[in-house]
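Below is one structure; the comments refer to it alone.
In the numbering used here, the protein residues as written are 1423 to 1805.
Here's what the structure looks like:
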């Protein structure tokens, strides 16, 4: 009996992590019917973070919130005991934009603050906020307002949503939001190291994907700098690593006392990956594309790193693979399987993702005896 742990991230835009697990499992069952499969869908703090928590046993909590452009949006968060898991991507991220139409100056993070408020009211004492896939560059202003912070214009009125509203910020009182979160442990889960401002800041690096052109990026950085001077007069948090995550939501969470942690690490803990790893003979991971970005601390690499240090063989499955053998091996991955080479072209691979994953599963099932016989690394402690 072979014990397989399947722990992939989503195939973005096509399949959820749970769907990837299911498709691979169906294929493996055909050629290795005695294999025992443990499902462990993962994420890295972005899209799929809440799904990963729910797959690990957390309770689904539906919510109606303010979407990024002000329209009501249905979303969900997860609650496990007194630990809540929230996800920016589905609440107010790019995927939440109506008609996928970018709104670089108006998009707001208020809905994410509403989710934090809902979690507090439900009794959560630890709140994990997955950051990734943001649609806004409001420095988390909307989030702060939803939690009761006073962000006012020179006329004493609440600033309007988004970057446009941030331009009118004249006075700040964060005390109500901080009081609301008294006794709550707030965790910002992401793998972004950018500060809030400057050439490596959130506007310069991530603004273009949200619709800011070169001139607008420069203007946005100036707006963020003025806002930061009011929100963070001591200049403590704006330069911090991760402050630039999710259009500055990382900065807002730091203002509220959050601790920043690797999104991949947090999700693997929620999924009890290390405990599941102890009972496995082989690990399968993957995501939509295995490329240079994968090596920058994304979920599949962390899955592989931990498995390799436990002396277990690791396979990876992706829609496309651009990493060479040396890069894969360096990440702890023994072999990688792609879908594009099994399809007519990329659109065909996207359309037939589950079918092609089943085909990969059948191939893996046939190869299990060989894969398990290959020598693996030692089980030295993780560095």
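We put the CB at the ideal spot given by N, CA and C, even for glycine.
Fair warning: this is a prediction, and the values are worked out from it, not measured in the lab.
**Q.** Proximity winner among 1612, 1611, 1626, relative to residue 1618 (alpha-carbon distances)
**A.** Of the candidates 1612, 1611, 1626, the one whose C-alpha sits nearest the C-alpha of residue 1618 is 1626.
Q | Under the three-state DSSP convention, the category residue 1691 falls into | A | DSSP places residue 1691 in the helix class (H, G or I) of the three-state scheme.
Q) When the distance is taken between beta carbons, is residue 1507 closer than 8 Å to residue 1472? A) Between residue 1472 and residue 1507, the C-beta gap is smaller than 8 Å, which places the two residues in contact.
Q.
Below 8 Å on the Cβ atoms is my contact criterion, and I expect residue 1389 with residue 1686 to pass it. Report the Cβ-Cβ distance as a whole number of Å.
A. The structure shown does not extend to residue 1389, since the chain spans only 1423 to 1805, so no value can be given for it.
Q | Nearest to residue 1682 (by Cα), restricted to the options 1474, 1607, 1483 | A | Selected option, being the one with the closest Cα: 1607.
Q. Should the stretch 1689-1698 be called in touch with the stretch 1577-1593, which here means at least 3 C-beta pairs below 8 Å?
A. The answer is no - the stretch 1577-1593 does not touch the stretch 1689-1698, with fewer than three Cβ pairs under 8 Å.
(Q) Does residue 1520 pass the burial test, meaning 16 or more other C-beta atoms within 10 Å, or should it be called exposed? (A) By the neighbour-count criterion, in which 16 or more other beta carbons inside 10 Å mark a residue as buried, residue 1520 falls on the exposed side.
Q: Identify whether residue 1800 lies in helix, strand or coil by the three-state DSSP scheme.
A: Note on residue 1800: pLDDT 39, under 50, position unreliable in the model; the coordinate value appears next. In the structure shown, the three-state DSSP call for residue 1800 is coil.
Q) Pairing CB atoms from the stretch 1539-1559 with CB atoms from the stretch 1515-1531, are three or more of them under 8 Å? A) Contact between the stretch 1539-1559 and the stretch 1515-1531 is present, because at least three Cβ pairs lie under 8 Å.
Q: Give every residue of the same chain whose Cβ lies closer than 6 Å to the Cβ of residue 1791, excluding the five residues on either side of it in the sequence, and list them in chain order.
A: Excluding residues within five positions, none has a Cβ falling inside 6 Å.
Q) Under the rule that 16 or more other beta-carbon atoms within 10 Å means buried, what is residue 1494, buried or exposed? A) With fewer than 16 other Cβ atoms within 10 Å, it is exposed.
Q: Within 10 angstroms of the Cβ of residue 1846, are there 16 or more other Cβ atoms? Answer buried if so, exposed if not.
A: Any answer about residue 1846 is impossible in this case: the structure gives the chain only from 1423 up to 1805.
(Q) Whole angstroms are fine: how far does the CA of residue 1453 sit from the CA of residue 1610? (A) Going by the C-alpha atoms only, they are around 42 Å apart.
Q. Which whole runs of the beta strand (DSSP E) in the stretch 1536-1623 are 3 residues long or more, in chain order?
A. 1548-1552, 1572-1574, 1593-1595, 1607-1611, all fully within the stretch 1536-1623.
Q: Would you mind sorting residue 1580 into buried or exposed? The rule is 16 or more other CB atoms within 10 Å of its CB.
A: Exposed is the call here.
Q.
Which residue wins for smallest C-alpha separation from residue 1641, given the options 1623, 1430, 1656?
A. Looking at the Cα atoms, 1623 is the closest of the given residues.
(Q) Give me, in chain order, the residues of the same chain whose beta-carbon lies closer than 7 Å to that of residue 1701; leave out the 5 immediate sequence neighbours on both sides. (A) The answer, listed in chain order, is 1425.
Q) What is the rounded straight-line gap between the Cα of residue 1800 and the Cα of residue 1746? A) Only weak support is given to the placement of residue 1800: the predicted model assigns it a pLDDT of 39, under 50, and the value that follows is read from those uncertain coordinates. It is roughly 23 Å from the alpha-carbon of residue 1800 to the alpha-carbon of residue 1746.
(Q) Could you give the first and the last residue of the continuous beta strand (DSSP E) run that contains residue 1469? (A) No beta strand (DSSP E) contains residue 1469, which DSSP labels as neither H nor E.
Q: To the nearest angstrom, report how far apart residue 1461 and residue 1656 are at their CA atoms.
A: About 47 Å.
Q: Specify the secondary structure class of residue 1805 as computed by DSSP and reduced to three states.
A: Model confidence at residue 1805 stands at a pLDDT of 33, short of 50, so the residue's coordinates are unreliable; what they give is reported in the following sentence. In this structure, residue 1805 counts as coil in the three-state DSSP scheme.
Q: Would you mind reading off the limits of the alpha helix (DSSP H) that contains residue 1748?
A: Where residue 1748 is concerned, the enclosing alpha helix (DSSP H) stretches over 1747-1752.
Q: Going by CA-CA distance only, name the one from 1567, 1592, 1571, 1568 that's closest to residue 1578.
A: It is 1592 whose Cα lies nearest to the Cα of residue 1578.
**Q.** Close Cβ partners of residue 1750 (< 6 Å) along its chain, the five nearest in sequence each way excluded
**A.** 1758.
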